[in-house]
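Asker: Every number in the working numbering is 41 more than the matching position in the sequence shown, counting from 1. Note that the Cβ used here is the ideal one computed from N, Cα and C, for glycine as well. Just so it is clear, the structure is predicted and the values come from calculations on it, not from any experiment.
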Amino acid sequence: MLPFQIMKSSTARILALTFMCCGVLLTNADTSYAQSSKSNEPDIPAPLQTMVEQGAQIRYLGREFGLDGWVTIQAGEEQYFYSTADGQGLLMGILFNNKGDAITLQQINALRDKEGPAIDRLAGYVPVEELNKASGKPVAAPSSTAISTSAVSPQDIVKQASKSRSEQLFDSVEAANWIAIGDKQAPTIYTIIDPECPHCHDLIDDFRKSSYLKRGLVQLRLIPVGVLSEKSLSEAAFLLASPNAEKDLFNHLDGQKDALLADKNINTQAVQRNMQILQDWKLDVTPFSVYKNASGEVKVLQGRPADLKNLIAELR
């Protein structure tokens with residue numbers, strides 16, 4: 042039994058584990074693999090592809106002992122997986138060799154060397170020098186990131202068909218990939234934004250500079266899309282995966298150029314899922330907000346609210 046300490050890895054939450062390859066073996070895993078993002082890498086296992094579609098970032102760690110390694114990162118949390126060559130099994134945990142060396146740790150360090158600071162940012166790694174600058178203050182906790190899945194049962198399909206168009210639109214935004222700003226107990230507004238859209242910046246700043254968020258009167262659930270440029274597409278993907286989404290977004294609004302990394306290696310499938318809402322509902326403007334008033338009626342708002350006070354009053 043060989044517990045170990047992480048000295049170099051950005052993934053500081055790798056735990057000391059006591060067996061050769063720990064975790065759960067998912068037997069009879071779906072053999073229909075999704076296409077890998079890079080031609081020289083194996084296809085992403087189907088269970089992991091589902092995580093990717095819901096906002097997780099995934100990186101291939103390489104092959105050791107006949108197992109293909111993967112790391113998924115979402116909201117600053119990493120998980121490690123190893124898939125068998127025949128696609129019939131998927132293991133979760135840390136891989137050791139027969140000497141007790143943590144192979145996963147070596148793979149993560151190689152990934153850091155390859156990708157640089159982007160992977161550290163996604164994993165929520167804070168360098169020692171930055172911690173020292175904090176003068177003993179606690180590091181901010183990750184902001185809420187919610188991932189919902191679409192209903193697929195026959196009963197849900199029947200329910201969906203009986204709903205009004207406005208209710209179906211609300212269900213669509215509720216099931217999107219979003220980040221939350223504000224009290225989770227407060228009434229909710231879903232807003233589709235593009236990170237490079239100045240009108241979206243204005244809307245968020247209006248709420249940010251008002252007292253409504255701090256007083257727990259509203260929660261914004263921001264649905265990032267990337268329609269203005271390839272840069273905004275990458276920024277939207279980073280925002281969904283960020284362990285400090287609210288902080289990164291506010292830094293972006295304040296003009297910090299690298300607050301939302303437009304990383305070439307980032308996958309954008311979670312954002313593409315959000316953009317499907319724009320296509321399905323023929324929406325051509327951001328910001329676009331959907332909410333329910335105090336009576337439960339679905340309301341929509343294009344652009345920046347003209348009167349925040351009246352909008353908040355509608356919610357309560």
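1. Taking only three categories from DSSP, how would you classify K298?
2. Could you check what DSSP says for L102 in three-state terms: helix, strand or coil?
3. Checking 9 Å against the spacing of the C-beta atoms, do F248 and V331 come in under that value?
4. When you compare only the Cα positions, how much space is there between E355 and K333?
5. Since I307 and Q98 should fall inside the 8 Å C-beta cutoff, what is the C-beta to C-beta distance between them, to a whole number of angstroms?
6. Among residues of its own chain, excluding the 5 on either side of V326, which ones have a beta-carbon nearer than 6 Å to its beta-carbon?
7. Within the continuous alpha helix (DSSP H) that includes K204, where are the two ends?
8. In its own chain, which residues sit with a C-beta less than 6 Å from the C-beta of S293, not counting the 5 before and 5 after it?
9. Report yes if the CB atom of M92 is closer than 9 Å to the CB atom of T113, and no otherwise.
10. Cα separation between P328 and K255?
11. Taking 6 Å as the limit between beta carbons, can you name the residues of its chain near D71, skipping five residues before and five after?
12. Which term fits G337, buried or exposed, when burial requires 16 or more other beta carbons within 10 angstroms of its beta carbon?
13. Here's the rule: buried if 16 or more other CB atoms are within 10 angstroms of the residue's CB, otherwise exposed. What is S270?
14. Near K155, which residues of its chain fall below 8 Å by C-beta distance, leaving aside the five closest residues on each side in sequence?
Answerer: With the given structure in hand:
1. coil
2. strand
3. no
4. 8 Å
5. 6 Å
6. Q343
7. Careful: K204 lies outside any alpha helix (DSSP H) and carries neither H nor E.
8. Correcting the residue identity first, residue 293 is His in this sequence and not Ser. The answer, listed in chain order, is A300 and L301.
9. yes
10. 22 Å
11. Any reading at D71 must be qualified, since the residue scores a pLDDT of 38, below 50, and its modelled position is unreliable; the value itself is stated next. Contacts found: A87.
12. exposed
13. exposed
14. none
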